[in-house]
Structure formats: structure tokens, C-alpha cells
Amino acid sequence: MTLHSLIARFRPPLPSLSLEPAPALADGYDVVVIGGGVLALAIARACARQGAGVALLAPGEIAASAAERAFPLVRGVHHDRARAEIQADAPAQLGKLARRLSPSPWPDVVGCLTLAPDGLTLEALRRASAAAKPLGARSWMVPAQEAQALSPMLHDNAAPALFEPAATVLWPDALAAALGRDARAAGATLRANAPAMALARDGAAAVGVEIDGRFIRAGAVVLADDASAIRLVREGRGRLSLMRDERMTLVTQPGAAPIGAALVADDLAMARDLTGAITLSGPLGAETLAEQAMRLAPSLGRLEIASAEPVTVWRGVDGRAQVGPAEIDGLWLALGFGRDALSPALAVADHLAAELAGRTGDAAFEAFAPTRRASARNLEFVR
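In our numbering, the protein residues as written are 602 to 984.
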């Protein structure tokens, strides 16, 4: 029996951090992280490992967010050079970390094909590949025939493509559980189902959060959950320059045959994990997404859908995430990563942990500073 068939038959249940006894909250912490997904947990873990007193307050369960589960792939190349600079070594960073995490996020290095159905897309992918190489991200263009060999399910729908051999599929919920365990081991307090009700202010500065009728003091509040951030900032009469993108995620039953490389084709993304479950992410509407996927890969029509979930994905109005100190003193942001939410998570966590500890972070993150000015036509209230 192969490894794939063994895992498809037995996927061990994850330890539920949400169901473990909730620790008592102290009166104050160096850092309070708002969020319960992979990004928030990575930030809490990185800060705690730097010696900071950390509390993570998750609005719901402590698990990968819907956006993180929607495309369970870590890759280094990105069409935005600034984004490529911060995630160029993401697959290698994840691979190194995964070897010591428990539970394992089951990384599977399958590669990723980004198809170019037209000349404009082809040229854009060539530029992205050329820009990524000096950063250390391996990628190259392949002709349609080679793309079909790398992903046989494409059949006659193959096109020239950008190939990233190091792109890695993983199990996001296992990664979240493992990061949570590491964060706790480093001294962080994790609380599930603990939505912060408001930012606590001293004048214009954020000095903590209000939760369960209590004031929890914080040297810094890090917003690492898009929906929570929008609510907290809006209720404080502030604004965030974010745009929403309504999408759909379909996941098949485990046991599907290997599909080769993960696929990105315009608005559609497809990846298979080690259990044989295929995750499809695309435009809103289950039927629309299924039809689009089957046009690209007809053999998907034989698979049974295990779950369908609408997903709201947030991104900056200028296309870039917001990472770093906000205009409000004491408030830090890690928001708006769009459809490729997992790839930058570890780099973002390391950068913020360094900055919050008073050290200089990665200069590549200057392009993502929340205090940057978008063009006038892009500045808008959260919608």
C-alpha cells in the first residue's frame, strides 16, 4: 500500500486548541495579537520566541482561516515584485520549519503551473519569473507540451506556463495547530472564541483591547484577522484601505489520483494534498466554479465534492497587503494578503517580531507599510 493510499484512508484528527482549557488572561501583555489563523499564530509564535509576553485572541476557533484553506499552497513567485521579495524563500522556509513541527502540516513539494492562455499573460509571467530569479525563487517558462506532462489532467487544455518546482501543498489546519503548540510552548497565551470588543485608547493611541468587560493592556496590538480588523477600526471611526473579493472554495473527497503540479489558470486555483483531497478556489458560486474547473480538467467530473464554502478575501486597494505600524500609535497591521494568503505568513511574522522587539526588520516590507499613500482614486473607506 502506498503512502498516498495510507494517508487517504487515515487522516488523524487534529488536536483542537479551541477545546483545550482556556487560560486566564493577565492584566497586560507586551503584544496582543487579534486573529486565530496561520498568520496570527505565526506572529504570536515569533514574538513569544523573542521573549515578549504575548496573548492571541481568536474571534472564533484557532484554526486556519477560510482564505488560508482556499489555496493550500506555498510558493515564492508573485506578479508583484515587492510581494515576491518577501516570499521568495517561502517554500524553503516552510520546509525547514515543517521538519520540526508537530503535528506535521504534511508538506508535499508538487510544483505549481501558472497557465498563460494569451500573449499578455505570457509576457507578465515571463517578467515575474525574471524578477524572481535574483531573489532566489526557482521558476521558468515551459511550453504547452511540457505543461501537459507536468499536469496530465489538463489534456488538450494545456498552455504555456510558468513552472515553480519548489511550490509546496500543505494541510493548513495542521500548520495552524503546530504553530499554536509552538507559541504556547514559548509562553504565549492563546484564547479561542474571544473576540475583542473594542480597541482601548489613551487619547489617539491604542493601549489595549476590551474583552469580556475587561481592559487588557498591550504594548502593541497586532490586527492579523481582516474581518476583526475592519470591525474594530470601523467602530473606532477609523478606516482601512482594503477591498473585498468574494470567492468560493470546493474540496473533493480524499483519495483522488495524483494530479501533478498545482494549477493556477486566471481566476481558478487547484491543488491536491497528500490525502488525495483536491481544493478548488475560484469565482463565487459552486456550480460556476465546478464548471470552470471541469472545462480545464475534465477528469474532475468523476470526483465527489466533500465541502463548499464561500470565502471573503481582502486585499489592499493598491493590490498590496498592509504590514507594520498603523497611523494609530500602538496599532500594528498584518492584513489584506488576498488569494495567496499562506505564502508570506512566516516572513511577515519574523519581520513584525523583529520590529516589535525594537530591531530593524526586513527592508522589503517598506512597500507594505500601512502609512504609505495609495493613489487618490484608490483611497476609500472599507466596503
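Glycine included, every Cβ here is placed at the ideal spot set by N, Cα and C.
C-alpha gap between Ala801 and Ala775, whole angstroms: Locating residue 801 in the sequence shown gives position 200, where the first residue counts as 1. Locating residue 775 in the sequence shown gives position 174, where the first residue counts as 1. In a straight line, the C-alpha of Ala801 is about 33 Å away from that of Ala775.
Helix, strand or coil, according to DSSP, for Asp827 in the structure here? Here residue 827 refers to the residue found at position 226 when the sequence shown is read from its first residue. Note: Asp827 maps to helix in three-state DSSP.
Residue environment, Gly637, which counts as buried when at least 16 other CB atoms sit within 10 Å: Start at 1 with the first residue of the sequence shown, and residue 637 comes out as number 36. Buried: at least 16 other Cβ atoms inside 10 Å.
Under the DSSP definition of a beta bridge, which residues are partnered with Ser882? Here the question's residue 882 lines up with position 281 in the sequence shown. DSSP output for Ser882 lists Thr850 and Ala870 as bridge partner(s).
Helix, strand or coil for Thr715, going by three-state DSSP, please let me know. Within the sequence shown, residue 715 is the residue found at index 114, counting from 1. In this structure, Thr715 counts as strand in the three-state DSSP scheme.
Could you tell me the alpha carbon to alpha carbon distance between Leu987 and Ile929, rounded to whole angstroms? Summary: the structure shown does not reach residue 987, with the chain confined to residues 602 through 984, and so no result is reported for it.
Ends of the alpha helix (DSSP H) at Gly720? The residue you call residue 720 lines up with position 119 of the sequence shown. Run containing Gly720: Gly720 to Ala733, per the alpha helix (DSSP H) assignment.
Quick check: the Cα distance between Gly648 and Leu780, rounded to an integer number of angstroms? Within the sequence shown, numbered from 1, the residue matching residue 648 stands at position 47. Within the sequence shown, numbered from 1, the residue matching residue 780 stands at position 179. Per the sequence shown, the amino acid found at residue 648 is Cys instead of Gly. Roughly 12 Å separates the two Cα atoms.
When the Cα atoms are used, what is the spatial distance from Phe764 to Ala950? Position 163 of the sequence shown, counting from 1, holds the residue named residue 764. Position 349 of the sequence shown, counting from 1, holds the residue named residue 950. In a straight line, the C-alpha of Phe764 is about 27 Å away from that of Ala950.
Thinking just about the alpha-carbon of each residue, which of Ala623, Gly809, Pro706 and Ala878 is nearest to the one in Ala931? Within the sequence shown, residue 931 is the residue found at index 330, counting from 1. The sequence given here has Gly at residue 931, not Ala. Minimum Cα distance to Gly931 is reached at Gly809.
Taking Ile879 and Ala857 to be in contact with their CB atoms under 8 Å, please state how far apart those CB atoms are, rounded to whole angstroms. Taking the sequence shown and counting its residues from 1, the one referred to as residue 879 is at position 278. Taking the sequence shown and counting its residues from 1, the one referred to as residue 857 is at position 256. About 5 Å separates the two Cβ atoms, so the contact holds.
Per DSSP, cross-strand counterpart(s) of Trp915: Counted from its first residue, the sequence shown places residue 915 at position 314. Answer by DSSP bridge pairing, in chain order: Arg845.
Alpha carbon to alpha carbon, what distance is there between Ala872 and Phe966? Within the sequence shown, numbered from 1, the residue matching residue 966 stands at position 365. Within the sequence shown, numbered from 1, the residue matching residue 872 stands at position 271. The straight-line gap from Cα to Cα measures roughly 28 Å.
Using beta-carbon positions only, say whether Ala671 and Ala733 come within less than 8 Å of one another. On the sequence shown, residue 671 is found 70 positions in, with the first residue counted as 1. On the sequence shown, residue 733 is found 132 positions in, with the first residue counted as 1. In this structure, Ala733 does not lie closer than 8 Å to Ala671 by Cβ.
From Asp690 to Ala745, what does the alpha carbon distance come to, in whole angstroms? On the sequence shown, residue 690 is found 89 positions in, with the first residue counted as 1. On the sequence shown, residue 745 is found 144 positions in, with the first residue counted as 1. Near 27 Å, if we compare the C-alpha coordinates of Ala745 and Asp690.
So, for Ala797: in the same chain, excluding its five sequence neighbours on each side, which residues have a beta-carbon less than 6 Å away from its beta-carbon? Numbered from 1 along the sequence shown, position 196 holds the residue referred to as residue 797. The residues are Ile635, Leu658, Val810 and Ile812.
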